[in-house]
Amino acid sequence: MAKAKRYFFCHECGYQSSSWLGRCPECGKWNTFDEEVVERKQTNSSQSATHGGSHSEPVLIEQVKYDETERMQTHCGEFDRVLGGGIVPGSLLLLGGEPGIGKSTLLLQTALAMKGRRLLYVSGEESEQQIKMRADRIGKPQSEMYVVSETSTQRIFEHIEAVKPELLVVDSIQTVCSDDIDSSAGSISQIRECTTVFQRYAKMTGVPVLLIGHITKDGTLAGPKVMEHIVDAVLQFEGDRNYGFRILRALKNRFGSTAELGIFEMLSCGLREVPNPSEILLSQRDETLSGSAVSATLEGVRPIFIEVQSLVSSAVYGTPQRNANGFDLRRLSMLLAVLEKRCGFKLGAKDVFLNIAGGLRVSDPAIDLAVACSILSSNVDIPIPPTVCMAAEMGLNGEIRPVTRLEQRIAEAARLGFEKIFVSRYNTKGLEKHKYSINIVELAVIEEAFRSLFA
203 MAKAKRYFFC HECGYQSSSW LGRCPECGKW NTFDEEVVER KQTNSSQSAT HGGSHSEPVL
263 IEQVKYDETE RMQTHCGEFD RVLGGGIVPG SLLLLGGEPG IGKSTLLLQT ALAMKGRRLL
323 YVSGEESEQQ IKMRADRIGK PQSEMYVVSE TSTQRIFEHI EAVKPELLVV DSIQTVCSDD
383 IDSSAGSISQ IRECTTVFQR YAKMTGVPVL LIGHITKDGT LAGPKVMEHI VDAVLQFEGD
443 RNYGFRILRA LKNRFGSTAE LGIFEMLSCG LREVPNPSEI LLSQRDETLS GSAVSATLEG
503 VRPIFIEVQS LVSSAVYGTP QRNANGFDLR RLSMLLAVLE KRCGFKLGAK DVFLNIAGGL
563 RVSDPAIDLA VACSILSSNV DIPIPPTVCM AAEMGLNGEI RPVTRLEQRI AEAARLGFEK
623 IFVSRYNTKG LEKHKYSINI VELAVIEEAF RSLFA
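So the sequence shown is residues 203 to 657, counted in the working numbering.
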């Protein structure tokens with residue numbers, strides 16, 4: 203009996219070594235090698251032609267001919283927006299996200315909406331009956347969609363040969379395994395082999411393949427980094443499961459921009475597109491309460507208006523507390539130090555709690571001014587007018603710094619009915635103010651914002 207071959211793989215980049223190494227020579231990470239039992243079976247695969255058995259020859263680039271093929275529309279505006287206008291024929295897409303966030307629901311709902319196309323939905327986690335139950339809850343199933351519960355790539359390609367689909371969905375890549383490799387499903391070698399097999403199939407046949415991938419506890423896609431290099435697009439589906447909003451963003455896209463993102467709302471009947479999230483995030487505001495400010499932030503290239511809520515109270519339990527939901531806690535500490543130094547507010551002995559309404563997590567520095575004004579509003583207990591919004595960054599000296607894409611933020615604020623927007627004075631050079639039906643207030647330092655709001 204042949205002795206099983208054992209190799210060590212780096213779970214960050216997929217580097218293979220015959221012995222354990224403390225530091226990966228490929229990616230430089232420490233303690234990333236895991237041992238796997240790998241033995242490639244000496245079999246003549248029946249899918250050799252499908253998996254790349256054809257021979258290729260180099261040709262001059264001037265002699266390469268191609269047809270301008272149209273993108274495959276998914277009839278989901280937010281999904282098409284992230285992809286750059288639709289699914290490119292022959293592309294390999296990878297969708298990742300936390301467990302229970304709605305990855306399978308998103309792709310199943312998208313597949314059900316693509317009527318008139320022959321689809322194959324392969325699930326290694328659910329049975330056909332479970333898929334049918336979820337499809338009935340989401341919407342009316344189309345007649346050209348086939349479902350199968352299978353984990354072997356050899357059997358999957360037999361079903362593909364029989365169905366001949368125009369779109370293939372695999373849920374998930376971690377559950378699929380190849381009989382050619384003698385290791386368990388979900389291992390680095392299996393994930394790399396199966397991803398390569400589906401890539402060859404997509405490129406040779408022109409059928410797009412959508413893969414669902416799990417993520418690790420660190421929030422990265424499970425499997426080697428080489429898997430992300432193989433696919434054409436890496437989509438991240440994220441959000442807080444305690445809230446209804448989900449954000450779909452592209453971490454990599456060979457056929458479009460990575461600045462676009464799609465926003466969905468999770469309902470009992472599936473995911474609903476949110477074409478204008480600002481109206482939903484600002485629909486439950488009370489103009490008589492202090493500590494609330496509206497900021498014009500950017501998610502990708504789309505301006506979104508969010509509500510920043512703050513609560514400042516005297517510390518009664520000794521050490522003052524600092525807590526932030528949806529905002530960087532270290533940046534909050536920096537802004538508090540600036541307010542105490544430049545505005546004279548003694549916030550060092552007070553509890554400060556900050557919350558971004560709607561469960562969103564914002565990293566745009568243009569939210570700094572709204573955070574500072576909401577803290578000042580709660581501290582003096584004076585509400586900020588609901589017709590005022592803000593878009594500016596704040597520096598360590600208390601100066602109001604410019605932000606990117608100011609014209610888009612101002613235009614969206616005017617469309618939503620705001621009467622006044624606070625921006626940086628250094629951001630308005632060349633700005634045609636007469637084009638906007640909103641009062642643009644220019645600020646240089648944080649003291650000017652305080653005097654304008656609470657004078």
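Where a beta carbon is used, it is the ideal one built from N, C-alpha and C, also for glycine.
Cβ shell of residue i (< 6 Å), same chain only, five flanking positions each side left out
{"i": "residue 367", "result": "320, 321 and 322"}
{"i": "residue 254", "result": "Note that residue 254 scores 46 on pLDDT, short of 50, meaning its location in the model is unreliable; the coordinates nonetheless yield the value given after this. Answer for residue 254: 402, listed in chain order."}
{"i": "residue 555", "result": "513 and 525"}
{"i": "residue 597", "result": "603"}
{"i": "residue 395", "result": "380 and 383"}
{"i": "residue 502", "result": "461, 462 and 463"}
{"i": "residue 647", "result": "600 and 601"}
Opening and closing residue of the alpha helix (DSSP H) in which residue i lies
{"i": "residue 650", "result": "648–656"}
{"i": "residue 359", "result": "355–365"}
{"i": "residue 608", "result": "608–617"}
Endpoints, beta strand (DSSP E) assigned at residue i
{"i": "residue 451", "result": "447–455"}
{"i": "residue 212", "result": "208–212"}
{"i": "residue 668", "result": "No statement about residue 668 is possible, as the shown extent of the chain runs from 203 to 657 and does not include it."}
{"i": "residue 552", "result": "552–558"}
{"i": "residue 349", "result": "347–351"}
{"i": "residue 543", "result": "Residue 543 -> not in any beta strand (DSSP E); alpha helix (DSSP H) instead, spanning 531–544."}
{"i": "residue 230", "result": "Premise fails: residue 230 is in no beta strand (DSSP E) and is neither H nor E."}
{"i": "residue 622", "result": "622–626"}
{"i": "residue 641", "result": "641–645"}
{"i": "residue 463", "result": "463–469"}
Rounded C-alpha distance that separates residue i from residue j
{"i": "residue 592", "j": "residue 495", "result": "8 Å"}
{"i": "residue 462", "j": "residue 314", "result": "24 Å"}
{"i": "residue 517", "j": "residue 231", "result": "43 Å"}
{"i": "residue 511", "j": "residue 235", "result": "45 Å"}
{"i": "residue 624", "j": "residue 513", "result": "22 Å"}
{"i": "residue 479", "j": "residue 559", "result": "12 Å"}
{"i": "residue 213", "j": "residue 224", "result": "13 Å"}
{"i": "residue 297", "j": "residue 365", "result": "24 Å"}
{"i": "residue 633", "j": "residue 259", "result": "55 Å"}
{"i": "residue 544", "j": "residue 649", "result": "8 Å"}
{"i": "residue 465", "j": "residue 474", "result": "9 Å"}
{"i": "residue 519", "j": "residue 549", "result": "15 Å"}
{"i": "residue 448", "j": "residue 373", "result": "19 Å"}
{"i": "residue 644", "j": "residue 628", "result": "8 Å"}
{"i": "residue 341", "j": "residue 507", "result": "31 Å"}
{"i": "residue 477", "j": "residue 283", "result": "11 Å"}
{"i": "residue 222", "j": "residue 215", "result": "15 Å"}
{"i": "residue 608", "j": "residue 317", "result": "40 Å"}
{"i": "residue 573", "j": "residue 639", "result": "25 Å"}
{"i": "residue 642", "j": "residue 565", "result": "24 Å"}
{"i": "residue 249", "j": "residue 499", "result": "The predicted position of residue 249 is uncertain, since its pLDDT is 46 and thus under 50; a value taken from the coordinates is nonetheless stated next. Each residue's Cα considered, the two are about 50 Å apart."}
{"i": "residue 363", "j": "residue 407", "result": "11 Å"}
Cβ-based burial, residue i [other Cβ within 10 Å; buried from 16]
{"i": "residue 490", "result": "exposed"}
{"i": "residue 653", "result": "exposed"}
{"i": "residue 658", "result": "There is no way to answer for residue 658, as the model of the chain reaches only from 203 to 657."}
{"i": "residue 599", "result": "exposed"}
{"i": "residue 588", "result": "buried"}
{"i": "residue 504", "result": "buried"}
{"i": "residue 441", "result": "buried"}
{"i": "residue 570", "result": "buried"}
{"i": "residue 584", "result": "exposed"}
{"i": "residue 415", "result": "buried"}
{"i": "residue 335", "result": "exposed"}
{"i": "residue 483", "result": "buried"}
{"i": "residue 324", "result": "buried"}
{"i": "residue 515", "result": "exposed"}
Sequence-distant residues of the same chain with beta carbon closer than 7 Å to residue i, five excluded per side
{"i": "residue 404", "result": "292, 293, 294, 410 and 411"}
{"i": "residue 312", "result": "276, 278 and 281"}
{"i": "residue 306", "result": "373 and 414"}
{"i": "residue 338", "result": "none"}
Cutoff 8 Å; reference residue i; Cβ partners in own chain excluding five residues on either side
{"i": "residue 377", "result": "326, 327, 353, 387 and 388"}
{"i": "residue 637", "result": "none"}
{"i": "residue 433", "result": "294, 295, 296, 397, 401, 413 and 454"}
{"i": "residue 287", "result": "273 and 458"}
{"i": "residue 246", "result": "Low local confidence applies: a pLDDT of 47 at residue 246 is under 50, so the model's placement there is unreliable, with the coordinate-based value given in what follows. Closer than 8 Å at the Cβ level, and outside the excluded window around residue 246, lies no residue."}
{"i": "residue 203", "result": "Reliability of the predicted coordinates at residue 203 is poor, the pLDDT of 41 falling under 50, and no value is obtained from them."}
{"i": "residue 594", "result": "568, 570, 571, 602, 603, 604, 605, 624, 625, 626, 629 and 645"}
Contact test: residue i Cβ vs the ligand FMN heavy atom, cutoff 7 Å
{"i": "residue 501", "result": "Ligands in the displayed structure: none, and consequently the ligand FMN is not present."}
CB contact below 8 Å: residue i versus chain D
{"i": "residue 333", "result": "As a matter of chain content, chain D is missing from the structure shown, which is built from one protein chain."}
Legend entry - Uninterrupted beta strand (DSSP E) stretches inside the stretch 272–335 (no shorter than 3 residues): 294–299 and 321–325
Inset, instruction - May I have a chain-ordered list of the beta strand (DSSP E) segments no shorter than 3 residues that lie completely inside the stretch 572–599? - result: 590–592
Legend entry - Those runs of the beta strand (DSSP E) which lie wholly inside the stretch 476–505 and span at least 3 residues: 494–501
Inset, instruction - Could you name each continuous beta strand (DSSP E) segment of 3 residues or more that falls completely within the stretch 373–444, going from the start of the chain to the end? - result: 411–415 and 435–440
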